[in-house]
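Read through the structure below, which is laid out as structure tokens, and then see the notes.
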Amino acid sequence: GGNFWPSRASAKLQGDLLLIQRRSRQEAAVQLTGANVEMQGSCSIKIEAPGTPVLVMRLDNSTDTERWFNELQQATQRSRSYREMLRDVPLLSPRSEVASTPSDTAELQGLRNRLAQEEATTRE
Numbered sequence: 178g179g180n181f182w183p184s185r186a187s188a189k190l191q192g193d194l195l196l197i198q199r200r201s202r203q204e205a206a207v208q209l210t211g212a213n214v215e216m217q218g219s220c221s222i223k224i225e226a227p228g229t230p231v232l233v234m235r236l237d238n239s240t241d242t243e244r245w246f247n248e249l250q251q252a253t254q255r256s257r258s259y260r261e262m263l264r265d266v267p268l269l270s271p272r273s274e275v276a277s278t279p280s281d282t283a284e285l286q287g288l289r290n291r292l293a294q295e296e297a298t299t300r301e
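All residue numbers for the sequence shown refer to the numbering used here, where the first residue is 178 and numbers rise by one.
As structure tokens, then:
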């Protein structure tokens, strides 16, 4: 078993995060720090990240595949801090505050809590 994203999904790399989108909507974010990235043939890349299902990216040509492979390998060596991640997250949803869902609010509060913990740890 496992989840399958259609071949028309797109991917974007931000720091050590691989963002997977379908129809301009984010479907998943995979943290690549500590992940194993390997070529599988000339147009496929296998990604095994801790705590996530195995992901295989299939690209149209070997040139794009090699470029993505190199970028993904570099991303496994870097890590973004919680502060950097929060800076990239918009503070207001495109929806109104009235229309925001409890999960949106809980997710943002969770990020704020993690930032506070990281700042407390670095002060010690």
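Beta carbons: idealized from backbone N, C-alpha and C, even for Gly. Only a predicted model underlies this, so the values are computations on that prediction, with no experimental measurement involved.
- Could you tell me which uninterrupted beta strand (DSSP E) segments, each at least 3 residues in length, are contained entirely in the region 183-211, listed from first to last along the chain? 187-191, 194-199 and 202-208
- Query: Taking one C-beta from the region 237-244 and one from the region 196-208 each time, how about it: are there three or more such pairs within less than 8 angstroms?
  - Reply: no
- Could you check if A297 is buried or exposed, using at least 16 other CB atoms within 10 Å of its CB as the buried criterion? exposed
- Item | Distance, N247 Cα to I224 Cα | 12 angstroms
- Task: May I have a chain-ordered list of the beta strand (DSSP E) segments no shorter than 3 residues that lie completely inside the region 211-263?
- Result: 213-216, 221-225 and 232-235
- Query: In angstroms, rounded to a whole number, what distance separates the CA positions of Q191 and A293?
  - Reply: 22 angstroms
- Use the C-beta contact count for Q176: other C-beta atoms within 10 angstroms, 16 or more gives buried, fewer gives exposed. This structure cannot settle anything about residue 176, because the visible part of the chain is limited to 178 through 301.
- Return the CA-CA distance between A188 and L195, expressed in angstroms with no decimal places. 7 angstroms
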